[in-house]
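Visitor: Under this note's numbering, the first residue of the sequence shown is numbered 314, with each subsequent residue one higher.
Backbone N, C-alpha and C fix where the C-beta goes; we use that ideal spot for every residue, glycine too.
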Amino acid sequence: MGSNLFGRARDCLCCDDVDEKLARAASLRRDWENARLELSEIRLLDVVEPGRPLRPLLVHPREVPRRSFVSPEGRLALIHAVAHIEFNAINLACDAIFRFRDMPRTYYDDWVQVVAEEAAHFHLLRERLRADGREYGDYPAHNGLWEMALNTADDVVARMALVPRVLEARSLDVVPGIVRKLRGIGDHASAEVLELIEREEVAHVAAGSRWFRYACELGGLEPVATFKALIEKYMKVRIKGPFRMEARRAAGFDADEITLLEELGG
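(1) Within the same chain, show all residues whose beta-carbon is closer than 7 angstroms to that of Arg441, passing over the 5 residues directly before and after it, in chain order.
(2) Could you tell me the boundaries of the alpha helix (DSSP H) in which Cys325 lies?
(3) Report, in whole angstroms, the separation of the C-beta atoms of Leu543 and Leu495, which I expect to be a contact under 8 angstroms.
(4) Please report the straight-line C-alpha distance between Arg258 and Arg323, rounded to a whole angstrom.
(5) Based on the DSSP secondary-structure assignment, which residues constitute the bridge partners of Ala454?
(6) Three or more beta-carbon pairs under 8 angstroms between the stretch 452–465 and the stretch 392–408, yes or no?
(7) Whole angstroms are fine: how far does the CA of Gly450 sit from the CA of Pro385?
(8) Can you tell me whether Thr465 is buried or exposed? The criterion is at least 16 other CB atoms within 10 Å of its CB, across all chains shown.
(9) Does Glu376 come out as helix, strand or coil in the three-state DSSP assignment?
(10) Consult DSSP for Glu351 and reduce its assignment to one of helix, strand or coil.
(11) Label Ala433 either buried or exposed according to how many other C-beta atoms from any shown protein chain fall within 10 Å of its C-beta, with 16 as the threshold for buried.
(12) Within the continuous alpha helix (DSSP H) that includes Ile544, where are the two ends?
(13) Quick test of your reading: Val537 and Leu485, contact by CB under 8 angstroms. State the CB separation rounded to the nearest angstrom.
(14) Short of 7 angstroms in beta carbon distance, which residues of its chain neighbour Pro585, apart from the five on each side in sequence? Order them along the chain.
(15) With contact counted as at least three CB pairs below 8 angstroms, one residue from each stretch, are the stretch 358–372 and the stretch 421–435 in contact?
(16) Have a look at Leu574 and Val487 and give me their C-alpha separation to the nearest angstrom.
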């Protein structure tokens with residue numbers, strides 16, 4: 314393994330073996346925190362498709378089957394869907410490091426931590442699937458998160474606005490309801506995993522908020538107007554409410570942005 318942070322992030326991003334990707338995510342954090350990685354410029358090939366296993370089958374979002382949550386198969390499909398989001402989140406955090414190489418060191422502190430924590434989340438969810446005899450890849454999934462990464466590959470403002478603060482932030486709104494349903498059907502182990510994930514996702518979205526504002530300030534952009542313009546430009550469908558405003562505030566949304574969310578999702 315190399316000693317350049319950008320190269321190592323790319324190596325993790327491009328790895329298509331799940332267990333090896335998890336190992337690379339952990340070693341990325343360990344080596345970064347122990348000052349074994351450098352930030353020097355390096356020539357690297359672009360990444361258009363991230364490393365992923367042959368399964369799950371990727372389909373259009375409308376083609377992902379809808380199942381009843383209360384059935385055993387529906388519950389497992391839901392856990393698989395969240396695991397797929399977390400797997401994609403590993404790639405997205407690696408790409409945020411690899412793609413944007415002129416940010417402050419603290420930016421890389423944040424996203425290296427996110428890489429490792431998303432990998433840990435995926436591992437926990439995969440264990441929940443395995444406890445019921447299922448495996449990651451057993452259910453179809455979609456590729457919407459990575460498509461947004463490609464759309465924002467040349468613009469850190471758009472990336473920070475839309476991936477952490479719109480797509481990934483949706484978990485802040487919906488996970489507590491999923492937790493209640495899981496507890497209602499007796500799956501307390503999965504509920505506890507999702508509660509842990511939701512707590513840590515607040516910090517991940519907050520990192521997006523922090524670096525969105527930094528990039529706006531650097532470019533002389535007004536954050537709220539820019540956030541609205543980027544949503545209107547890139548989001549194919551209307552963003553959905555209701556929003557958990559307490560969680561959004563904890564994740565770095567200010568009063569004007571919360572008002573904007575209410576207008577857009579109302």
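Guide: Working from what's here:
(1) Apart from sequence neighbours up to five positions away, the residues of its chain that approach Arg441 with a beta-carbon distance below 7 angstroms are Ile392, Ala502, Ser503 and Val506, ordered along the chain.
(2) It spans Leu318 to Cys327 - the alpha helix (DSSP H) in which Cys325 sits, taken as one unbroken run.
(3) With 8 angstroms as the limit, Leu543 and Leu495 do not qualify as a contact, their Cβ atoms being about 34 angstroms apart.
(4) Residue coverage of the chain in this structure runs from 314 to 579, which leaves residue 258 outside it and unanswerable.
(5) DSSP, once it has assigned bridges, lists Leu371 as partnering Ala454.
(6) Here the stretch 452–465 makes contact with the stretch 392–408; the two share three or more CB pairs at distances below 8 angstroms.
(7) Rounded to whole angstroms, Pro385 and Gly450 show a C-alpha spacing of 17 angstroms.
(8) Buried, since its Cβ has 16 or more Cβ neighbours within 10 Å.
(9) In this structure, DSSP gives Glu376 a helical state, which the three-state scheme calls helix.
(10) Secondary structure of Glu351 (DSSP, three-state): strand.
(11) Buried.
(12) Unbroken alpha helix (DSSP H) run through Ile544: Pro536 to Tyr547.
(13) So it is not a contact: roughly 19 angstroms between Cβ atoms.
(14) No statement about residue 585 is possible, as the shown extent of the chain runs from 314 to 579 and does not include it.
(15) Remark: fewer than three beta-carbon pairs, one from each stretch, lie closer than 8 angstroms, so the stretch 358–372 and the stretch 421–435 are not flagged as touching.
(16) Leu574 and Val487: Cα-Cα distance of roughly 15 angstroms.
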